[in-house]
Amino acid sequence: MSWLITGAGGMVGRDLRDALAERGETFVALSRSDLDITDARIVDKVVRDVRPGVIVNCAAYTKVDAAENDERIANAINASAVEFLADAANAVDALLVQLSTDFVFDGAAREPYDVNAPTAPLSAYGRSKLLGEHAATHAKRSLILRTSWLFGAHGPNFVKAIRNQIGKGTNPLRVVNDQRGRPTYTPHLAEAVVRVVNGGATGVVHYADGPECTWFDFAREIVAQLGVGIDVRPVTTDEFPRPARRPAYSVLSTERYERITGVTPASWQEGLREYLTTSGTPHSPPRL
Ligand SMILES: NC(=O)c1ccc[n+]([C@@H]2O[C@H](COP(=O)([O-])OP(=O)(O)OC[C@H]3O[C@@H](n4cnc5c(N)ncnc54)[C@H](OP(=O)(O)O)[C@@H]3O)[C@@H](O)[C@H]2O)c1
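Structural data, given as structure tokens:
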């Protein structure tokens, strides 16, 4: 089976490319400059040329706060373009894998969100991603893979932001302690995508690393692993207002993933260790 990755220049796209290459899978990886998924005609042409068995859409509008003022663009990339991919997948009988997010939930739950839990996004980004999930189901065979709190070598993320703060000499660090979720290392997610697809799953699957924690817990672990003497203090979301509302509790249940693959999700602390040892000096000062 051959794979087509769209948005292959992004944080997940690049790690998925590596995961497929490591396993000797056949794939074509196209970044935005190779294939703009909002162009229906080109999407159709490229998919018919490549004739993949599976399309993994890693392309997305991911600026959560900016989306509040840019909902039309977010919808064009995260939803309408997914319709084009679904149509193209149908033309060549391919499986369409659409990556989605914990932000489709409102965070009012107190136990992990099952794949069938009702969705109710709080933000423009979350709404656009939910529309994208609906669009993906127009493919005859679709897999919606929701994940959360990603960090990896190839994109902006929380670990990078904390390191930047440390590099700037911020001490103490103030980090929100009233949002719970599951941080996920993107190479672990890439492995999970390959496992779930090769396991023949369709429908909705959640993949996130374990265990659950708050951003404050996550920051404390980063500081501990870096071995720097920085004080981390818990604060509330209200003390750090952002344009887009985030769910207070967005812990994804990975039960279905575990049933399908027989594998327990990896540990984000292990992922963090790998990330910190492979992505440059631990707390380099800012460049002047
Ligand atoms: N990051 C997270 O914490 C998180 C959490 C849960 C779910 N997710 C989901 O995971 C998926 C991958 O996210 P990511 O973190 O890898 O995002 P990312 O690093 O922002 O990558 C997205 C890629 O899509 C590209 N892209 C944007 N518009 C495009 C278009 N019209 N045509 C083709 N490519 C386009 C971007 O290119 P440019 O950079 O050139 O715009 C970028 O390379 C997304 O579906 C996201 O919603 C992310």
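Straight run, no breaks: the sequence shown in my numbering ends on number 1271.
Yeah, the Cβ is synthetic: ideal placement off N, Cα and C, and Gly gets one too.
At which residues does the beta strand (DSSP E) containing residue i begin and terminate?
| i | result |
| --- | --- |
| HIS1186 | Note on identity: in this sequence residue 1186 is Gly, with His being the wrong assignment. 1186 to 1189 is the span of the beta strand (DSSP E), which, as asked, contains GLY1186. |
| THR973 | The structure shown has nothing for residue 973, since the chain only spans 984 to 1271. |
Between the Cα of residue i and the Cα atoms of the options, which residue gives the shortest distance?
| i | options | result |
| --- | --- | --- |
| GLY1183 | GLU1195, PRO1224, SER1125 and THR1237 | SER1125 |
| ILE1243 | HIS1189, PHE1223, LEU1018 and ILE1020 | HIS1189 |
| GLY1036 | GLU1204, VAL1177, ARG1229 and PRO1194 | VAL1177 |
| VAL1011 | ILE1025, ARG1034 and GLY993 | ARG1034 |
| LEU1013 | THR989, ASP1027 and LEU1003 | THR989 |
| LEU1156 | THR1021, ALA1069, VAL995 and PRO1217 | PRO1217 |
| ALA1207 | GLU1174, PHE1223 and ARG1146 | ARG1146 |
| PRO1230 | THR1197, TYR1240, ASN1058 and GLY1193 | THR1197 |
| LEU1078 | PRO1248, VAL1180, ASP1001 and PHE1088 | VAL1180 |
| ARG1031 | VAL1039, ALA1074 and SER1063 | ALA1074 |
| ALA1004 | GLU1222, ARG1015, SER985 and ASP1017 | SER985 |
| ALA1191 | THR1130, ARG1015 and ALA1119 | THR1130 |
| ASP1076 | GLY1212, GLU1051 and ILE1038 | ILE1038 |
| GLU1050 | ARG1225, THR1237 and VAL1187 | What sits at residue 1050 in the sequence shown is Ala, not Glu. Cα-wise, what sits closest to ALA1050 is ARG1225. |
| ASN1040 | ARG997, GLY1007 and THR1247 | ARG997 |
| SER1236 | ARG1015, PHE1088 and ASP1019 | PHE1088 |
Any idea which residues DSSP pairs residue i with across the strands?
| i | result |
| --- | --- |
| ARG1157 | ARG1216 |
| LEU1126 | VAL1080 and GLY1186 |
| ARG974 | No statement about residue 974 is possible, as the shown extent of the chain runs from 984 to 1271 and does not include it. |
| PHE1134 | TYR1168 |
| ASN1052 | The partner list for ASN1052 (beta bridge, DSSP) is empty, contrary to what the question assumes. |
| ASN1040 | THR989 and GLN1081 |
Is residue i near ligand 3, going by C-beta to nearest heavy atom under 7 angstroms?
| i | result |
| --- | --- |
| LEU1068 | Here the bound small molecules are ligand 1; ligand 3 is not part of this structure. |
Go to residue i, then tell me how far its alpha helix (DSSP H) extends in each direction, as first and last residue.
| i | result |
| --- | --- |
| ALA1202 | 1198 to 1209 |
| GLY1148 | Residue identity check: residue 1148 is Gln in the sequence provided, not Gly. Residues 1141 to 1150. |
| TYR1240 | 1238 to 1244 |
| TYR1258 | 1251 to 1261 |
Task: the stretch 1038 to 1048 / the stretch 1088 to 1096 touching (three or more Cβ pairs under 8 angstroms) - done: Output reads no: the stretch 1088 to 1096 does not touch the stretch 1038 to 1048.
Open item on the list: Under 8 angstroms, with one C-beta from each stretch per pair, do the stretch 1160 to 1172 and the stretch 1130 to 1143 reach the 3-pair mark?
Closed with: Using a C-beta cut-off of 8 angstroms, the stretch 1160 to 1172 makes contact with the stretch 1130 to 1143, since at least three inter-stretch Cβ pairs fall below that distance.
TODO: Could you name each continuous beta strand (DSSP E) segment of 3 residues or more that falls completely within the stretch 1055 to 1124, going from the start of the chain to the end?
DONE: Fully enclosed beta strand (DSSP E) runs of 3 or longer: 1078 to 1084.
- [ ] Would you mind listing the beta strand (DSSP E) stretches within the stretch 988 to 1036 that are 3+ residues and don't spill past its ends, in chain order?
- [x] Entirely contained in the stretch 988 to 1036, the beta strand (DSSP E) runs reaching 3 residues are, in chain order, 1009 to 1013.
Open item on the list: Does the structure place the stretch 1073 to 1090 close enough to the stretch 1140 to 1157 that three or more beta carbon pairs sit under 8 angstroms?
Closed with: With the cut-off at 8 angstroms, the stretch 1140 to 1157 and the stretch 1073 to 1090 do not touch.
- [ ] Taking 8 angstroms as the threshold, find out whether the stretch 1063 to 1073 comes into contact with the stretch 1024 to 1031 through three or more Cβ pairs.
- [x] Result yes; three or more Cβ-Cβ pairs closer than 8 angstroms.
- [ ] Determine, using beta-carbon pairs with one atom in the stretch 1105 to 1115 and one in the stretch 1055 to 1064, whether at least three such pairs fall under 8 angstroms.
- [x] Segment contact: the stretch 1105 to 1115 against the stretch 1055 to 1064, three or more CB-CB distances shorter than 8 angstroms; contact assigned.
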